């Protein structure tokens, strides 16, 4: 049972890694356009995202977010360059090239794998201890 659960969580980590790689590839080889800052969203830690509305190649209005910052990243009405993947409607776009460094994504996925491995190890120890 614990092995099946570990494989399930491992599969989730691999899917997350594939998603990150596809997102980065889509932005590098996607479309760019100009959007307009329409407002802000605050995080629970006091950070703020700028909300940038832009129009894709098919004429649909979409939104992208700036990277979180401690002060307002853009003024309302200010324009910003948005890179997006037209073939992926779930992708929100990257404003002014502000994407997380690759190392942050790698550590995010590694943390998941280490956590899953520890959970599998401790469940095996628990199973061995009480099943014997």
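Numbering (the working numbering), first residue to last: 1382 to 1513.
Built from N, CA and C at the ideal position, the CB exists for glycine as well.
Computed from a prediction, not measured in an experiment: that's the story for all the values here.
Would you say the stretch 1414–1421 touches the stretch 1454–1465, given that touching needs at least three Cβ pairs under 8 Å?
The stretch 1454–1465 and the stretch 1414–1421 touch, with three or more beta-carbon pairs separated by less than 8 Å.
Residue 1443 versus 1512, 1424, 1452 and 1466, residue with shortest Cα-Cα distance
Translated into positions along the chain shown, residue 1443 becomes position 62. Residue 1443 has its Cα closest to that of 1466, out of 1512, 1424, 1452 and 1466.
Would you call residue 1424 buried or exposed, if buried means 16 or more other Cβ atoms sit within 10 Å of its Cβ?
The count along the chain shown starts at 1 and reaches residue 1424 at position 43. Counting the other CB atoms within 10 Å of its CB gives residue 1424 a total below 16, which places it among the exposed residues.
Could you please give me the residues that DSSP links to residue 1509 through a beta bridge?
For the purposes of this step, residue 1509 is identified with residue 128 of the chain shown, where counting begins at 1. DSSP output for residue 1509 lists no bridge partner at all.
Through-space distance from residue 1426 to residue 1499, alpha-carbon basis:
Along the chain shown, read from residue 1 onward, the residue named residue 1499 stands at position 118. Along the chain shown, read from residue 1 onward, the residue named residue 1426 stands at position 45. Between residue 1499 and residue 1426, the C-alpha separation is close to 29 Å.
Where residue 1495 falls: helix, strand or coil (DSSP):
As a first step, residue 1495 is located in the chain shown; it is residue number 114 there, counting from the start. Looking at residue 1495 - three-state DSSP - the assignment turns out to be helix.
When we look at the beta-carbon of residue 1430 and count the other beta-carbons within 10 Å, is it buried (16 or more) or exposed?
Counted from its first residue, the chain shown places residue 1430 at position 49. Burial call: buried.
Would you identify the three-state DSSP class for residue 1504, choosing helix, strand or coil?
On the chain shown, position 123 is the one that residue 1504 refers to. DSSP places residue 1504 in helix when its eight states are reduced to three.
Straight-line gap, residue 1493 to residue 1504 (C-alpha atoms, nearest Å)
Against the chain shown, residue 1493 aligns to sequence position 112. Against the chain shown, residue 1504 aligns to sequence position 123. Rounded to whole angstroms, the separation of the alpha carbons of residue 1504 and residue 1493 is 16 Å.
Indicate whether residue 1445 and residue 1473 have their beta-carbon atoms separated by less than 7 Å.
Here residue 1445 refers to the residue found at position 64 when the chain shown is read from its first residue. Here residue 1473 refers to the residue found at position 92 when the chain shown is read from its first residue. Yes, they are a contact pair.
In angstroms, rounded to a whole number, what distance separates the CA positions of residue 1464 and residue 1508?
The residue labelled residue 1464 in the question sits at position 83 within the chain shown. The residue labelled residue 1508 in the question sits at position 127 within the chain shown. Cα to Cα, the separation comes out at about 49 Å.
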